[in-house]
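Once you know that position 23 of the sequence shown is 23 in our numbering, the rest is easy, because the numbers rise by one and skip nothing.
Every residue gets a Cβ at the ideal spot worked out from N, C-alpha and C, and that includes glycine.
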Amino acid sequence: MRQAGRSLPEYRSLRGEGSILEAIRQPELAAEVTLQPVRRYGVDAAILFSDIVVPLVGIGLDVEVVPGRGPVIAEPFRSRADLARLRPLEPEVDLAYVLEAVKILVGELTVPLIGFAGAPFTVASYLVEGGPSRDFARTKALMHTDPATFGALLDALADLAASALRAQVGAGAAAIQLFDSWAGALSRSDYERHVLPPTRRLLEGLADLGVPRIHFGVGTGELLDLMGAGADVVGVDWRVPLDAARRRVGPHRALQGNLDPAVCLAGIDAASNETRRILAEGGGTGHVFNLGHGVLPATDPGVLGALVELVHAETTDGRVPAGVGDQERA
Ligand code: 1CP
1 MRQAGRSLPE YRSLRGEGSI LEAIRQPELA AEVTLQPVRR YGVDAAILFS
51 DIVVPLVGIG LDVEVVPGRG PVIAEPFRSR ADLARLRPLE PEVDLAYVLE
101 AVKILVGELT VPLIGFAGAP FTVASYLVEG GPSRDFARTK ALMHTDPATF
151 GALLDALADL AASALRAQVG AGAAAIQLFD SWAGALSRSD YERHVLPPTR
201 RLLEGLADLG VPRIHFGVGT GELLDLMGAG ADVVGVDWRV PLDAARRRVG
251 PHRALQGNLD PAVCLAGIDA ASNETRRILA EGGGTGHVFN LGHGVLPATD
301 PGVLGALVEL VHAETTDGRV PAGVGDQERA
């Protein structure tokens, strides 16, 4: 899961104090940071070291990732006129450094590389709020006062994500993950009316890539069935047991999750017990074991290592199914 590296001393020493966007711009460095948790833990897949705001930087927006806070947008989006600032992405030019990191990684990894992008709603929330938010008040206000502008914004961000994801797969990524981290802030009816259509179009439009499409959210228990649209795998956080999630998502999609990252701070015994419960509730086939959200920086790497071993020991073959990790295909 995201930010596994943050808990690692080797990550902190390699990254130093510089800006994360500066680190992402250096393909060799980004590749090395991606590899660190794979080497240390022996996980079954790697997630590219990048950030959901990178495509925004690519099209020329003034975005910074402020340490301890997150992405901050110099000039937030508030009205229809701001749509003109969202030009189409040209991945080969605008994301050249990301694609270079993907190519380096595909040559070095023995497990699949997951490419990713931010989902339209979550990225829109940063653009409209100007930074991280608790209540998403401005975003929701725009959605309700000017649904046409909000819809056009989400459409533009869906196109941005689609071309970023397509380019990552073109460079060798073997799966893609769409992060709608903050969709859980929405009522079911608002999600269905304003967010589902562009998100579904984005995911369904990537079916031809032939790679697994993972759709991730936090606090999205009441949206899980809707989030299955166009996805092969639906992320579930710790609030919903996987057997209940299975009933909501149906039999034809895999589930990903759902250990509470905070439990990893409670030590190996507590985290192992929770992991066993989740494996039992996940029911084996069609479950990708993962945390329900990102690794917390204070996590002891020893606990994560023990959990990877436990999951490998307790699952039938302990590895991703044949074909999923087939790097040659790319
Ligand atoms: O493990 C990894 O490093 C994978 C790379 C990765 C990914 C997949 C990073 C690096 N960011 C992301 C995605 C991302 N970025 C998401 C979606 C997934 C999730 O919900 O966790 C989101 C919401 C962001 C935005 C973001 N970037 C935040 C959250 C702020 C908020 O609104 O609460 C933060 C703190 C960042 C900075 C960031 N991005 C990545 C890292 C390792 C960090 C921490 C800062 C650093 O190390 O410099």
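Would residue i be called buried (16 or more neighbouring beta carbons within 10 Å of its own) or exposed?
{"i": "Ala-23", "result": "buried"}
{"i": "Val-93", "result": "exposed"}
{"i": "Arg-329", "result": "Only weak support exists for where Arg-329 lies, its pLDDT of 33 falling under 50; the coordinates are left without a value."}
{"i": "Val-98", "result": "buried"}
{"i": "Pro-321", "result": "Confidence in Pro-321 is poor, its pLDDT being 42 and thus under 50, which makes the residue's placement unreliable; the coordinate value appears in the next sentence. It counts as exposed."}
{"i": "Ser-163", "result": "buried"}
{"i": "Ser-13", "result": "exposed"}
{"i": "Gly-318", "result": "With a pLDDT of 48 at Gly-318, under the threshold of 50, the modelled position of that residue is not reliable, and no figure is offered here."}
{"i": "Ala-148", "result": "exposed"}
{"i": "Arg-213", "result": "buried"}
{"i": "Val-66", "result": "exposed"}
{"i": "Glu-192", "result": "exposed"}
{"i": "Thr-34", "result": "buried"}
{"i": "Thr-139", "result": "buried"}
{"i": "Asp-51", "result": "buried"}
{"i": "Arg-87", "result": "exposed"}
{"i": "Pro-198", "result": "buried"}
What first and last residue would you give for the alpha helix (DSSP H) that runs through residue i?
{"i": "Ala-31", "result": "27-41"}
{"i": "His-312", "result": "301-314"}
{"i": "Phe-121", "result": "120-129"}
{"i": "Arg-213", "result": "No alpha helix (DSSP H) contains Arg-213, which is instead part of the beta strand (DSSP E) from 213-217."}
{"i": "Ile-20", "result": "20-24"}
{"i": "Leu-8", "result": "It is not in any alpha helix (DSSP H) - Leu-8 carries neither H nor E in the DSSP assignment."}
{"i": "Gln-228", "result": "Just to set this straight, residue 228 is Gly in the shown sequence, not Gln. From DSSP, Gly-228 is part of no alpha helix (DSSP H); its letter is neither H nor E."}
{"i": "His-144", "result": "137-145"}
{"i": "Ala-45", "result": "Element bounds for Ala-45: n/a, residue is neither H nor E."}
Going along the chain, which residues of its own chain have a beta-carbon closer than 7 Å to the beta-carbon of residue i, five neighbours each way excluded?
{"i": "Leu-157", "result": "Pro-120, Val-123, Ala-124"}
{"i": "Arg-166", "result": "Leu-206, Leu-209"}
{"i": "Ala-152", "result": "Leu-83"}
{"i": "Gly-325", "result": "Note on Gly-325: pLDDT 35, under 50, position unreliable in the model; no value is reported."}
{"i": "Gln-36", "result": "Gly-5, Leu-8, Glu-10, Tyr-11"}
{"i": "Ala-245", "result": "Leu-224, Val-236, Leu-255"}
Within its chain, find whatever has a CB closer than 6 Å to the CB of residue i; leave out the 5 residues flanking it on each side and keep chain order.
{"i": "Gly-282", "result": "Leu-242"}
{"i": "Gly-323", "result": "Interpretation of Gly-323 is limited by its pLDDT of 35, a score under 50 that renders its predicted location unreliable; no figure is taken from the coordinates."}
{"i": "Glu-28", "result": "none"}
{"i": "Val-38", "result": "Ala-46"}
{"i": "Val-195", "result": "Phe-121"}
Let's see if you can read the secondary structure: which residues bound the beta strand (DSSP E) around residue i?
{"i": "Phe-77", "result": "No beta strand (DSSP E) contains Phe-77, which DSSP labels as neither H nor E."}
{"i": "Phe-179", "result": "175-180"}
{"i": "Leu-86", "result": "Leu-86 -> no beta strand (DSSP E), and no H or E assigned at all."}
{"i": "Val-102", "result": "Counting along the chain, Val-102 falls outside any beta strand (DSSP E), though it belongs to the alpha helix (DSSP H) covering 96-108."}
{"i": "Ile-73", "result": "70-73"}
Round the Cβ separation of residue i and residue j to the nearest angstrom and send it over; I've been treating them as touching at under 8 Å.
{"i": "Ala-161", "j": "Ala-117", "result": "4 Å"}
{"i": "Val-218", "j": "Ser-181", "result": "5 Å"}
{"i": "Gly-131", "j": "Gly-70", "result": "7 Å"}
Considering only residues of the same chain and omitting the five flanking positions on each side of residue i, which have a CB-CB separation below 8 Å?
{"i": "Glu-274", "result": "Leu-259, Asp-260, Val-263"}
{"i": "Gly-302", "result": "Ile-268"}
{"i": "Ala-298", "result": "Ser-7, Leu-265"}
{"i": "Val-233", "result": "Pro-212, Arg-213, Ile-214, His-215, Arg-253, Ala-254, Leu-255, Gln-256, Val-288"}
{"i": "Val-311", "result": "Thr-275, Leu-279, Phe-289, Gly-318"}
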